[in-house]
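Each protein sequence line maps, in turn, to chains V and D. Heads up: the first sequence runs through residues 245 to 454, numbered per the numbering used here. Heads up: the second sequence runs through residues 245 to 454, numbered per the numbering used here. Taking it in order: structure first as structure tokens, then the write-up.
Number of protein chains: 2
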Amino acid sequence: MIINRDDIEQMEQRYRGLFINSVLGAKPALLVGTNSINGDSNLAVMSSAFHVGANPPLVGLIIRPSESPRHTLNNILATGYYTLNHVSPQYIEAAHQTSARYPADQCEFEAVGLSKKYLHDFSAPFVEQSTIALGLKLREEHRLAINNTHMIIGEIQLIELPAKVLGDDGFVDIAANDSIAATGLDSYVRIQALRRLSYAKLGQWPKAIE
Amino acid sequence: MIINRDDIEQMEQRYRGLFINSVLGAKPALLVGTNSINGDSNLAVMSSAFHVGANPPLVGLIIRPSESPRHTLNNILATGYYTLNHVSPQYIEAAHQTSARYPADQCEFEAVGLSKKYLHDFSAPFVEQSTIALGLKLREEHRLAINNTHMIIGEIQLIELPAKVLGDDGFVDIAANDSIAATGLDSYVRIQALRRLSYAKLGQWPKAIE
Numbered sequence: 245m246i247i248n249r250d251d252i253e254q255m256e257q258r259y260r261g262l263f264i265n266s267v268l269g270a271k272p273a274l275l276v277g278t279n280s281i282n283g284d285s286n287l288a289v290m291s292s293a294f295h296v297g298a299n300p301p302l303v304g305l306i307i308r309p310s311e312s313p314r315h316t317l318n319n320i321l322a323t324g325y326y327t328l329n330h331v332s333p334q335y336i337e338a339a340h341q342t343s344a345r346y347p348a349d350q351c352e353f354e355a356v357g358l359s360k361k362y363l364h365d366f367s368a369p370f371v372e373q374s375t376i377a378l379g380l381k382l383r384e385e386h387r388l389a390i391n392n393t394h395m396i397i398g399e400i401q402l403i404e405l406p407a408k409v410l411g412d413d414g415f416v417d418i419a420a421n422d423s424i425a426a427t428g429l430d431s432y433v434r435i436q437a438l439r440r441l442s443y444a445k446l447g448q449w450p451k452a453i454e
Numbered sequence: 245m246i247i248n249r250d251d252i253e254q255m256e257q258r259y260r261g262l263f264i265n266s267v268l269g270a271k272p273a274l275l276v277g278t279n280s281i282n283g284d285s286n287l288a289v290m291s292s293a294f295h296v297g298a299n300p301p302l303v304g305l306i307i308r309p310s311e312s313p314r315h316t317l318n319n320i321l322a323t324g325y326y327t328l329n330h331v332s333p334q335y336i337e338a339a340h341q342t343s344a345r346y347p348a349d350q351c352e353f354e355a356v357g358l359s360k361k362y363l364h365d366f367s368a369p370f371v372e373q374s375t376i377a378l379g380l381k382l383r384e385e386h387r388l389a390i391n392n393t394h395m396i397i398g399e400i401q402l403i404e405l406p407a408k409v410l411g412d413d414g415f416v417d418i419a420a421n422d423s424i425a426a427t428g429l430d431s432y433v434r435i436q437a438l439r440r441l442s443y444a445k446l447g448q449w450p451k452a453i454e
């Protein structure tokens, strides 16, 4: 079936939200950990992180204006530091529950039963239960005039991961790590390795990397 | 294990590329279809698309400067139209092979054995084999000064999808559609539904949506 711009325009708001959020494809499901300048910790599940570059190592994050009261965005802008924590199938309900509208002084970590930890002298909180986690420093913030969302670009400062999922060539096997993905506003999926393929060159067909 | 900013800095370039590209999480694997103003069709696999908003329906795309000769970027900027086509497990080799450096006048569709089709009066080419595909119109282009990448924001004009994967509430079940994801520069994965969860509210735990 074909859905055009007018059809999308006429969709009921919640229907359109589910539809557009799920039609693009799989997205990383990540818990964003921050502290306010008063030291209140905040945790929020997001699926809008994207790769911007490897050198320097940069990650983008879209934060919607409707996510009032926007504790995560305010904390990132105020402190300059945040963490991105992978989610495992065992605690997707807890991760999802962080999107409920807790007041600023209520800690989502405690409310949903996840534990907070700190690594080295990094100032933002990590999720103890996450097996892969990244610590980021804010580098750029853009307001996208087109729909009033915020785009945050952060530089990776610190990564914690199990040694066994890091290959000799630098590849991190997040399928073996059982990191989950999101495919919409409320849908969580497991990922299952198909294969890795050799670097694409003219005149030869990609081969599976064993 | 913990990897810090200095460790990343000292990684060999290709190792770092694989590492940073695979550590964030699953990304949508999409074939980007464009035409040049001369009518030459181009097709390139990318995993840097991300959701920007549902109303208006917006999708972002990061295009790296190193992807010379950048046919896709040039075509999008010149014509204003492009398509994003889901990939199925049956043709991941063909999709991956589009990243080889074909000259501008060689059509990747033919070179890799995928078929081109047009929908309604939409000017950019779709992939016949793709079961879900989006037609986009360029709305904004940003050059990210931080690493010289381009960010394209497009508005969805047209979506083709099988009626059976569209739920009554607007949810598109891309796991049931067998749309694949990418987890790095060369790694393709299947996605497998875990569960959908009810809207998160204070004082109640999320329930599985049947």
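Just so it is clear, CB atoms sit at the ideal spot from N, CA and C, and this is done for glycine as well.
The beta carbon of Asp-413 of chain D sits closer than 7 Å to none of the beta carbons in its chain outside the five residues before and after it.
Where Leu-438 of chain V is concerned, the enclosing beta strand (DSSP E) starts and stops at 431 to 441. Boundaries around Ile-320 of chain D are those of the alpha helix (DSSP H), 315 to 323, since no beta strand (DSSP E) includes it. Around the CB of Arg-258 of chain V, fewer than 16 other CB atoms lie within 10 Å, so the residue is classed as exposed. As computed with DSSP, Glu-399 of chain V is found in a beta bridge with V:Leu-302 and V:Lys-381. Each residue's CA atom was taken as its position, placing Ala-339 of chain D and Ser-332 of chain D some 9 Å apart.
Burial check for Tyr-362 of chain D: the Cβ neighbour count within 10 Å stays below 16, so the residue is exposed. Contact annotation: Ile-376 of chain V and Glu-404 of chain V have beta-carbon atoms nearer than 9 Å. Here the alpha carbon of His-386 of chain V sits roughly 22 Å from the alpha carbon of Ile-281 of chain V. When secondary structure is reduced to three states using DSSP, Arg-260 of chain D falls in the helix class.
Under the three-state reduction of DSSP output, Pro-333 of chain V falls in the helix class. Put simply, the CB of Phe-353 of chain V is far from chain D, with every gap to its CB atoms at 9 Å or more.
Under the 9 Å criterion on CB atoms, Ile-396 of chain D is classed as non-interfacial with respect to chain V. With a cutoff of 9 Å on beta-carbon distance, Ala-344 of chain D and Ile-418 of chain V are scored as not near each other. For Ile-424 of chain V, no alpha helix (DSSP H) run applies, since DSSP gives it neither H nor E. Listed by position along chain D, the residues whose Cβ is nearer than 9 Å to that of Leu-302 of chain V are Ile-264, Leu-388, Ile-390, Asn-391 and Thr-393. Under the DSSP assignment, Ala-288 of chain D falls outside any alpha helix (DSSP H), being part of the beta strand (DSSP E) whose first and last residues are 285 to 290. Identification of chain V residues near His-340 of chain D by a Cβ-Cβ cut-off of 8 Å yields Leu-441, Ala-444 and Pro-450, ordered along the chain. In this structure, the straight-line span from the alpha carbon of Thr-278 of chain V to that of Leu-268 of chain D is close to 18 Å. Here His-330 of chain D is buried: its Cβ has 16 or more other Cβ atoms, across all protein chains shown, within 10 Å. DSSP places Val-356 of chain D in the uninterrupted alpha helix (DSSP H) bounded by 352 to 356. Contact between Thr-393 of chain D and Ile-252 of chain D does not hold, since their C-beta atoms are separated by about 18 Å, which reaches or exceeds 8 Å.
Contact between Val-356 of chain D and Gln-334 of chain D is absent: CB atoms are separated by about 13 Å, not below the 8 Å threshold.
When only Cα atoms are considered, Glu-354 of chain V and Tyr-432 of chain V end up about 22 Å apart. Using a Cβ-Cβ cut-off of 8 Å, Gln-334 of chain V is close to nothing in chain D; its nearest Cβ partner there is about 11 Å away.
Less than 9 Å divides the Cβ of Leu-317 of chain D from the Cβ of Ile-396 of chain D.
Between the C-alpha atoms of Leu-438 of chain V and Pro-347 of chain V there is a straight-line separation of about 42 Å. Only residues of its own chain outside the window of five on either side were considered, and among them Pro-450, Lys-451, Ala-452 and Ile-453 have a CB closer than 8 Å to the CB of Leu-441 of chain V, listed in chain order.
Membership of Ile-246 of chain V in the beta strand (DSSP E) is indicated by the continuous run 246 to 248. With its beta carbon less than 9 Å from one in chain D, Glu-337 of chain V belongs to the interface. Closest by C-alpha distance to Ile-320 of chain D, out of D:Val-409, D:Ser-285 and D:Ser-423, is D:Ser-285. Exposure of Gln-448 of chain D is indicated by the presence of fewer than 16 other C-beta atoms within 10 angstroms of its C-beta. Between the alpha carbons of Asp-365 of chain V and Leu-262 of chain V lies a distance of about 39 Å. The Cβ atoms of His-295 of chain D and Leu-302 of chain D sit closer than 9 Å to each other.
For the segment 411 to 441 of chain V, the residues whose beta carbon sits under 7 Å from a beta carbon of chain D are, in order, Asp-413, Gly-414, Phe-415, Val-416, Ile-418, Ala-419, Ser-423, Ile-424, Ala-425, Thr-427, Gly-428, Asp-430, Ser-431, Tyr-432, Val-433, Arg-434, Ile-435, Gln-436, Ala-437, Leu-438, Arg-439, Arg-440 and Leu-441. If you draw a straight line from the Cα of Lys-360 of chain D to the Cα of Pro-406 of chain V, it is about 43 Å long.
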